[in-house]
Structure formats: structure tokens, C-alpha cells
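A short write-up of the structure that comes next.
Residue numbers (our numbering): 52 to 435.
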């Protein structure tokens, strides 16, 4: 039996988290020859995920450098994948989401007339500069992709409006929910003992991440000023801020929040620690994209520190609220969640629109159907 040769490509921690369940799922099928290639656009954070999910890549481009530019990443991925593709001659490559690895991987495959499957396809803000460069990475990858695995109905509709053929789109749910079914544990004990010493029962613990390029400068300053006021205003509020290693972010965070009581400034945690912190905390404030999908699965309200989001579904059902980086707006929305129990309950118990834990299975079934290894088209994910 001739197998479908598939190369799964990723390079950052967020991609790895979401692709790991799919890599595991591909290994289950005799009709598939699965190969993993990492670019290591992020090195240390990527390796943490590979270790967690016990994945050993067949290829590691190891491209990361200090102060790397988007141009440098793109060139290195194109050159590295050219060699991999010429050697392996895959039938399909899989890329995820919106990173520079994703776009460059899709472009490298296009240059060699290899089919591209885009996992988490169709997310849009409709503003090419927000988020930057992710919005254009998604759109350009979408223009190349042959198979589009849209997590939601909204994502599918975005692709249809851009002229993608209906038969090339599959609604699968998001693979991050598959991953969280593995990583989140009841009665979890953190490796970081500072987290074990926090009183999650009697304190309103707010988990914070904020590092996106569009928030550099005044945005990060406003966020930190808002957090400082919250801690000073509410004695039962405690912050855990996972501080990005980039000095542009880190220096500002420590300037405003360093040395404060009830403020824990920690380096980014590995995936399992992060997911379990989310599970224990009261609410989340973030400019991250992925956390907007993960938090609703755990029933945690999210204040998104951005003006736009490519994930509108959670806003529509009420688990997520866009608050931007205006100090007064941040403080007012945080106040409501801290003081208004009914509002908090409504946000925490809203429906999760992003998945049911079977996205990876649907993606593999769709691939088999596309390559005529199966005759039955897989059922799409629907929010119940």
C-alpha cells in the first residue's frame, strides 16, 4: 500500500503546542508516513514542548539567532526546507497558524509544487498590520494552501469570502483543545514552587501575558500602570505576570511592577505549567492569541489587551472581552470581573466555541479523504 508522505512543519512554542496532538494522531494511521521538521524559530521554548509530548523531529533546521529579523527567518526557512523537500518529496506539508515559519514553509512547498495543508486556517482581523506580521502570514499562507482546516464556522466563512473553494475547507475545531486534554491535571503541583505558595482559593489570582509587537512602548506601559493600580486597589488581587524575555517588554514590566507585594514576575513557563496555572487562576489578562482559545475551555474569563482580534467567536459568546490598552478601560473591565459575581459567572460559564478534543482526528480523516484513501467525508465540528 502506497502511503501518503506528510511533513509537519513548525518552529515556535504556540505552533508546537497545537501541532503536537496532530503529530501524535498521524502516527496512528498505517496509510500515512509522518515526518516532523522543526525550524526552531524559537529554540528553548520549542524544545520544552517537544519534550512534553515526546516528539523527536526527523529534521531540525535550528535557525534561531539573537536579534533575528523577519527577513532572516524567512530566508533560512526557505533555504532549509528546499533541501528537506528535495530529499523527501512529500505529498503534503502541514503548517499551522500565522508564524513566519508557517508562511515561509507554505511558500517553500509552493515553489516545489507540493500540496499545503493549513491548520487553524481562516482567522482574520482584516487589518494587515494588526497583529503584525501574523495577519499577513495567515492570508498569504491561505492563498497558497490546498487544504484548509478551519477551526470554526466563522473562519470558514472568511476563506469563502476570499475565494477558497468550499470543498477545500474543513471545519475541525482547534487542536489546542486536544492538547489541553493531555496537559491539564487535577491537583497539579508546579515545578516552580513560587506558584505552589499562592492561595488560589482566597485570592483573586490574575494571570497576565503581554508582549505583542503592536503593544511595544506605550501599550505595555499602560498595561503595567493598570496592573499596578489594580494590586494597590484590591487587597485580594494577586498577579502572576509571565514576562517575555525581550528587553523591550521586560524592562518596562520591572520598572512598574518590580518589587511589589502580591506580584509575581516570572519568566515564561513551559506548556504544562502554563495550562495548569490558567486552570487555577481567577481570570486572565493577555494580548496573546492562543490564550483566547485555551481559557474558555477552562472556564476562565479573558480581558484581551488588544483593539482587534482574529478570534471573534469567544467575544461573540461572551468568554472574552476586548479592552485594548487604555488605562481607564482596562481598570473598569477588571473592576467588573473582580466585584460583580454575576458578570464573572456569565463569562466563566459561556460556551467554548473552539473545539471538543477531536480536531486532530478530523484533520487526518480529511487528509485521507482528500487523497482518496477514504470514501467518506468526515463530519465537521459544530458548537452545540
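Glycine residues also receive a C-beta, built at the ideal position from the N, C-alpha and C atoms.
A contact is defined here as three or more CB-CB pairs under 8 Å, and the region 171 to 188 meets this definition with respect to the region 207 to 227.
DSSP, read as helix, strand or coil, puts residue 166 in strand. Judged by their CB atoms, residue 145 and residue 203 are not nearer to each other than the 7 Å cut-off. For residue 147, the enclosing beta strand (DSSP E) begins and ends at 143 to 147. By the beta-carbon neighbour count (other beta carbons within 10 angstroms, threshold 16), residue 298 is exposed.
Apart from the 5 residues on each side of it in sequence, residue 329 sits with its Cβ closer than 7 Å to the Cβ of 258, 335, 345, 346, 349, 351 in its chain, given in chain order.
A distance below 6 Å between beta-carbons, with the five flanking residues on each side excluded, links residue 357 to the following residues of its chain, in chain order: 338. Assigned with DSSP and collapsed to three states, residue 405 falls in coil, not helix or strand. For the region 270 to 355, the full-length alpha helix (DSSP H) segments reaching 4 residues or more read 298 to 308, 322 to 331, 341 to 349 along the chain. In the same chain as residue 421, and ignoring 5 residues on each side of it, the C-beta atoms closer than 7 Å to its own belong to 198, in chain order. Cβ neighbours of residue 142 within its own chain (closer than 6 Å, five residues either side excluded): 55, 56. Per the coordinates, the alpha-carbon of residue 166 lies some 33 Å from the alpha-carbon of residue 323.
For residue 84, the enclosing beta strand (DSSP E) begins and ends at 83 to 89.
Counting C-beta atoms within 10 angstroms of its own C-beta, residue 67 has 16 or more neighbours from the protein chains shown and is therefore classed as buried. Pairwise C-beta distances place the region 67 to 82 in contact with the region 415 to 431, as three or more of them are shorter than 8 Å. Counting along the chain, the unbroken beta strand (DSSP E) around residue 61 starts and ends at 55 to 61. Under the three-state reduction of DSSP, residue 201 is assigned to strand.
Nearest C-alpha to residue 161 among 305, 301, 133, 103: 133. The beta carbon of residue 319 sits closer than 6 Å to those of 293, all from its chain and outside the five residues before and after it, given in chain order.
The distance from the Cβ of residue 398 to that of residue 370 is about 6 Å, consistent with a contact at the 8 Å cut-off. Counting along the chain, residue 106 sits inside no alpha helix (DSSP H), nor does DSSP assign it H or E at all. Taking 7 Å as the cut-off, the Cβ atoms of residue 169 and residue 192 count as close. Shortest Cα-Cα distance from residue 104 to any of 209, 231, 190 involves 231. Looking at the backbone, the Cα of residue 156 and that of residue 261 are separated by about 27 Å. Here residue 288 is near residue 255, since their CB atoms are less than 7 Å apart. Listed in chain order, the non-local C-beta contacts of residue 306 below 6 Å within the same chain number zero, local neighbours out to five positions each way being set aside. Around the beta carbon of residue 107, fewer than 16 other beta carbons sit within 10 angstroms, so the residue counts as exposed. Residue 284 and residue 274 have their C-alpha atoms some 15 Å from each other.
If the five residues before and after residue 234 are omitted, its C-beta is found closer than 8 Å to the C-beta atoms of 103, 322, 323, 326, 327, all from its own chain and listed in chain order. Residue pairing by DSSP places residue 373 opposite 355 in a beta bridge. Around the C-beta of residue 343, 16 or more other C-beta atoms lie within 10 Å, and the residue is accordingly described as buried. Scanning its chain for C-beta atoms nearer than 7 Å, with the 5 sequence neighbours on each side dropped, one finds around residue 205 the residues 363, 364, in chain order. By the Cβ-count criterion, residue 225 is buried, with 16 or more other Cβ atoms from all chains shown falling within 10 Å of its own Cβ. Within 10 angstroms of the beta-carbon of residue 116 lie fewer than 16 other beta-carbons, which makes it exposed. With contacts defined by Cβ atoms closer than 7 Å, residue 136 and residue 92 do not form a contacting pair. According to DSSP, residue pairing for residue 124 in a beta bridge does not occur.
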